[in-house]
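This report concerns only the one structure given below.
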Amino acid sequence: MTGNIRVYCRIRPFLPGQAAKHTTVEYIGEHGELAVVNPSKQGKDRRRNFKFNKIFDTQPLIRSVLDGNGVCIFAYGQTGSGKTYTMTGPNGASEEDWGVNYRALNDLFSISQNRRDSFLYEIQVQMVEIYNEQPNGLAVPDASMHPVTSTSDVLELIGVGLKNRAVGATAMNERSSRSHSVVSIHVRGKDLLSGAALHGNLHLVDLAGSERVDRSEATGDRLKEAQHINRSLSALGDVIFSLAQKNSHVPYRNSKLTQLLQSSLGGQAKTLMFVQLNPDVSSYSETISTLKFAERVSGVELGAARSSKEGRDVRELMDQ
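In this text, residue positions in the sequence shown follow UniProt numbering: the first is 1, and each later residue adds one.
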């Protein structure tokens, strides 16, 4: 997987009480095509067409991590569009309903076990949130690495982290994530035949949702959180724009989020984005903004995947 950042679109189902017939999504094609309509317009300006990647499979990405490469998978979209559901699945999910995080980690341990006759792997996990521009450890306060040997080890750590993650109620989402969550898996491997060492990493990122404060009715702490969320997402957009334009200067330092993701966005990592949509007509403007951002992301070219230096260390960012 070389070339542009891969972009996959997921459309959240209507919630109970929402009128499914009032949708902005007019057409979903078999090859990643998507058409959305503006409910307030008529004629040719009413419809907008987009095209993204179609089929998602974690295994090629996970094999790449175990080969010593960097991989980043992240979910982007407005508040309440299903990002956390995509990344973690429903509460108490069975294996069939696992989100991306659990599927990816299960593949990681399964493939590493299949290679045990030729490679020796050490796997460590770290889970942090960026809340109001401050990185915090979720599974443990100092954001230290935890050695793990099985999927259940990681699920236990993530479970602790999710309980500690900052959430709050707004008019648009009863359990709105008020922070960006990053699960980082670091893999060190040794080729038992040649003795060669390798180092791969996997970042699983659940971004807090962009929100219009006039719709979310955020006040007080919720308003402050929304401002920090929107500012960091704007900084991410600036980085994406600079990369797409191949600018010599890319403003990674404008937020802790972009500093943390620097190696995944601008290095030789393999990067994949889920763009999440709320199909309700009241979210049309947010849907168009999200899709335009996704189009821009899909135009970012990454170099051929190879082992590359890490982004800023989380604990280094915490000390700033």
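We put the beta carbon where it would ideally sit given N, CA and C, even for glycine.
Note that the structure is a prediction, hence the values are computed from the model and not measured.
As assigned by DSSP and simplified to three states, the class of residue i
i    : result
E133 : coil
A75  : strand
P90  : coil
P147 : strand
D221 : helix
F50  : strand
K270 : strand
Q124 : strand
D191 : strand
S112 : helix
A35  : strand
Q245 : coil
V275 : strand
F293 : helix
Q240 : Per the sequence shown, residue 240 should be read as Ile rather than Gln. Helix, per DSSP.
S282 : helix
E301 : strand
Nearest neighbour of residue i, chosen from the options [CA to CA]
i    : options                   : result
Q276 : L157, T84, N91 and S144   : T84
E133 : L291, A226, E33 and T23   : A226
H249 : I240, R63 and A196        : I240
V128 : V37, V205 and G32         : V205
A104 : D57, Q262, N53 and G80    : D57
I28  : I288, K54 and K246        : K54
S110 : M145, L66, I130 and V125  : L66
G32  : V187, F52 and E26         : F52
R6   : V281, K270, Y284 and P279 : K270
K163 : D153, S152, P147 and S181 : S181
F50  : E30, N69 and L272         : E30
I229 : A244, G68 and A208        : A208
H203 : L223, A197 and M87        : M87
G195 : T151, Y252, S210 and S118 : S118
S283 : R10, T24, P13 and A93     : T24
V281 : L34, Y8, P39 and G266     : P39
Exposure of residue i, with buried meaning 16 or more beta-carbon neighbours within 10 Å
i           : result
S264        : buried
D107        : buried
G200        : buried
R178        : buried
I185        : buried
V300        : buried
K246        : exposed
V160        : exposed
H22         : exposed
D221        : exposed
E95         : exposed
L149        : The residue asked about is misnamed: residue 149 is Thr in this sequence, not Leu. With fewer than 16 other Cβ atoms within 10 Å, it is exposed.
Q78         : buried
L15         : exposed
P135        : buried
T170        : Here T170 scores only 48 on pLDDT, less than 50, and its place in the model is too uncertain to base an answer on.
residue 328 : In the structure as shown, the chain begins at 1 and stops at 320. Residue 328 is therefore absent and cannot be evaluated.
G43         : exposed
D45         : exposed
R12         : buried
Nearest-angstrom Cβ-Cβ length linking residue i and residue j, presumed shorter than 8 Å
i           : j    : result
residue 327 : K190 : There is simply no residue 327 to check, as the chain begins at 1 and stops at 320 in what is shown.
G80         : N278 : 6 Å
H146        : L155 : Wrong, their Cβ atoms sit about 12 Å apart, outside the cutoff.
V125        : V183 : 7 Å
S210        : I130 : Actually they are not in contact, since the Cβ atoms of S210 and I130 sit about 15 Å apart, beyond 8 Å.
Below-8 Å beta-carbon distance, residue i vs any chain C residue
i   : result
S94 : Absence of chain C from the displayed structure is noted, only one protein chain being present.
- prompt: Can we say the region 227-247 touches the region 288-304, given the rule of at least three CB pairs closer than 8 Å?
  reply: yes
- request: Answer yes if the region 59-73 comes into contact with the region 91-104, meaning at least three C-beta pairs across the two stretches below 8 Å, and no otherwise.
  value: yes
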